[in-house]
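Scroll down for the structure; my scribbles are underneath it.
There are 2 protein chains.
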Amino acid sequence: MSTSFPPAPSLHEIKEAHHRILPFIHRTPVLTCQGINRLVKAELWFKCENLQKVGAFKARGATNAVRSLDSGQLRKGVATHSSGNHAQALSWTARLAGTTAHIVMPTNSNRVKVDAVKEYGGLITFCEPTLESRETTLNTVLQETGAVEIHPYNNLKIIAGQATSTVELLQEKKDLEIVMAPVGGGGLLSGTALACHYLSPGTRVIAAEPTGADDAYRSFTQRTLIPSVDPDTIADGLRTSLGSLTFPIILALVTQILTVQEESIVLAMRLLWERMKVIVEPSAAVPLAALLEGHAGLRGKRIGIILSGGNADLDHLPWNL
Amino acid sequence: MSTSFPPAPSLHEIKEAHHRILPFIHRTPVLTCQGINRLVKAELWFKCENLQKVGAFKARGATNAVRSLDSGQLRKGVATHSSGNHAQALSWTARLAGTTAHIVMPTNSNRVKVDAVKEYGGLITFCEPTLESRETTLNTVLQETGAVEIHPYNNLKIIAGQATSTVELLQEKKDLEIVMAPVGGGGLLSGTALACHYLSPGTRVIAAEPTGADDAYRSFTQRTLIPSVDPDTIADGLRTSLGSLTFPIILALVTQILTVQEESIVLAMRLLWERMKVIVEPSAAVPLAALLEGHAGLRGKRIGIILSGGNADLDHLPWNL
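Protein chains in written order, with this note's numbering: chain B, 1 to 321; chain W, 1001 to 1321.
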């Protein structure tokens, strides 16, 4: 990798991450669905991270980050702010490693995700749903506990961990023309892009994002990091801003960021439930939503899609709202 | 196999069936869930036939039956009466084989299943929801079309096909103490029992059935085939009676049939959705319901469970009724 390339995990570091986390995570299946292929006129391979431990790809990055700590660091615990799946993943993997996760969560977090963090043994401190309140509250927690902060995405160990999902996808399906992932903070997307860059350089990486939270699209287009302000989308995992580490990787390696309407997200989510028989949360349905909207360049292609998570609230399904 | 054994597919015929259907079906994943294991205090491996083509194990048997016909038979089409998943499976596999499926369905069939049959190209004739009306209507269809009847379960090719799910499960997980399956007409259960008998004779087969449709339990206990009369259960795939071919195999090879309450079925279904992130229909949740009810002999065991299907109606979820 040339010296002008932004700081990023090397192929060796991604392989090490994969080796490190393998005893703890699921090797998730890659599913196909002819009915959906016919509908979107493309050939899709879905990497089912919704079937991952804690119901999301976040188990990969969190496990890599926690298992990379030395015993002295581990003893004091780990801490983070997260709207949901990273919080669950960190709580789960911290307990498995014999330590404690301190979780700062906004008060408007999805109930299912809050309950899950508690069940996995995470210690929750609630804060206002603003980036400022999250950061202030987290700093207080860090000072009080001496815990190590594990940022949900702006962390090279996290990025390396998230890359391993695409490593497995490319092992299973070698000739993908495109890999698609949703983009929130960019941990999954930057990891996906790195894995393709190293292992299948001919494969283009295309991200998808809700129009109501299109900070990544705008940042990508204007080549400057624009924070997410008042995001308005059902895809609660994608409301965050890109990070100083994830954005440069995305700028360097991602081909395109597509934006999609809320109605398409709900339609794509329902399609995955009804036809592929898997539970996905709204964020995970965003790449398929882009296919349903018929964006140019996707038709007829062999496309891998990372289904990022499955932590949906069964009592509040979007098609019943 | 001794001469006193009832008519049943041989191991060779089951292996032939597997070879015959492999190009057309999914090799479905086997999933595990630590959260569910902790809850029921057993180690479970779920064979996900809900992720099978047409969303149910029925794709296996129907494909084996249709692909075993000669070209003259195939030309005239196939026909069946079915409350749902077999109808979808036969329609799907008939079209794939270049022929037509004539489907007799009761008027009270699940809407999702009726729509799916139409989408797969099946030609539906509706009848009253009684066994008599089904059979009379089917006979008319058979006379008019010259089609070959493919019974949903009382057919050795169907039984051999359904056995292949357990063949794959046992390939993946060799030391199961118990395999569990739901029982309706007994096609899946007899196939499951045969596969264990041939390939893992130390593995016991335990069936589960709704208390509101406990004809298999009563038949098994009294060792005489008692038809299902006015079954009352949410598990719409399990309302049928055992058949003259499936019942003797079940009597010979199944260890036990457990009955479960409706509330346990709904709880188990929701648990699989919420924790394992897969869509299952009520029938598929019946074995886990038996575990939730704490039936003796299951605790602490290594248990394979066939998740039979995923064709749930997303607009009428049982926890919203």
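Glycine residues also receive a C-beta, built at the ideal position from the N, C-alpha and C atoms.
- In the DSSP assignment, Ala79(B) is bridged to His102(B) and Glu149(B).
- Remark: C-beta atoms of Val1278(W) and Ile279(B) approach each other more closely than 8 Å.
- Relative to Ser1133(W), the option among Gln1088(W), Glu1016(W) and Thr1080(W) whose CA is nearest is Thr1080(W).
- Rounded to whole angstroms, the Cβ separation of Ala1042(W) and Ile1303(W) is 6 Å, and the two are in contact under 8 Å.
- Secondary structure at Glu172(B): helix, using DSSP grouped into helix, strand and coil.
- The residues Leu44, Trp45, Phe46, Lys47, Val179, Met180, Ala181, Pro287 and Leu288, in chain order, have a CB closer than 8 Å to that of Ile305(B) in the same chain once the five nearest residues on each side in sequence are set aside.
- Put simply, the segment 1121-1138 of chain W does not touch the segment 1155-1165 of chain W. Fewer than three CB pairs are less than 8 Å apart.
- The residue from Tyr1120(W), Leu1238(W), Gly1297(W) and Cys1033(W) with its alpha-carbon nearest to that of Glu1262(W) is Leu1238(W).
- Here DSSP, grouped into helix, strand and coil, assigns Phe1057(W) to coil.
- Distance from the Cα of Gln222(B) is smallest, within the candidate group Ser190(B), Val205(B), Ile150(B) and Leu251(B), for Leu251(B).
- Of all residues in the segment 1250-1273 of chain W, only Arg1270 and Trp1273 come within less than 8 Å of chain B when Cβ atoms are compared, listed by chain position.
- The beta-carbon of Asn1085(W) is placed no less than 8 Å from the nearest beta-carbon of chain B.
- In the structure shown, the three-state DSSP call for Ala181(B) is strand.
- Note: Glu1043(W) is bridge-paired with Arg1302(W) in the DSSP secondary-structure output.
- A Cβ of chain B is located within less than 8 Å of the beta carbon of Pro1029(W).
- Closest in C-alpha terms to Val1148(W), from the list Lys1173(W), Leu1131(W) and Arg1067(W), comes Arg1067(W).
- In this structure Ile159(B) is in contact with Gly187(B), their Cβ atoms being roughly 6 Å apart against a cut-off of 8 Å.
- Excluding its 5 nearest sequence neighbours in each direction, His1086(W) has C-beta neighbours in its own chain below 7 Å: Lys1058, Ala1062, Thr1080 and Pro1152, listed in chain order.
- Distance from the CA of Glu1209(W) to the CA of Lys1301(W), rounded to the nearest whole angstrom, comes to 20 Å.
- Listed along chain B are Asn50, Leu51, Gly55, Val278, Ile279 and Gly310, each with a C-beta nearer than 7 Å to that of Lys1277(W).
- Using a Cβ-Cβ cut-off of 8 Å, Leu1314(W) counts as an interface residue toward chain B, since at least one Cβ of chain B sits closer than that to its own.
- Between the alpha carbons of Gln34(B) and Leu272(B) lies a distance of about 12 Å.
- Listed in chain order, the non-local C-beta contacts of Thr1107(W) below 8 Å within the same chain comprise Phe1126, Cys1127, Glu1128 and Pro1129, local neighbours out to five positions each way being set aside.
- Shown here, Ala296(B) sits in coil according to DSSP, grouped into three states, outside any helix or strand.
- Leu1253(W) is positioned such that its CB atom lies closer than 8 Å to that of Val1205(W).
- Every unbroken stretch of the alpha helix (DSSP H) spanning 4 or more residues and falling wholly within the segment 202-249 of chain B is given here in chain order: 215-222.
- According to the DSSP assignment, Val280(B) belongs to no beta strand (DSSP E), since it is labelled neither H nor E.
- Leu169(B) and Lys53(B) have their alpha carbons spaced roughly 17 Å apart.
- Distance check between Ile36(B) and each of Gly212(B), Met276(B), Leu298(B) and Pro6(B) places Met276(B) closest, using alpha-carbon atoms only.
- Counting other Cβ atoms within 10 Å of its Cβ, Pro1201(W) stays below 16 and is therefore classed as exposed.
- Separation of Ala1290(W) and His1102(W) (C-alpha to C-alpha, rounded to the nearest whole angstrom) is 36 Å.
- Arg1027(W) counts as exposed, since fewer than 16 other C-beta atoms from the protein chains shown sit within 10 angstroms of its C-beta.
- Nearest neighbour of Gly1121(W) by Cα position, chosen from Val1112(W), Met1105(W), Ser1109(W) and Thr1093(W), turns out to be Thr1093(W).
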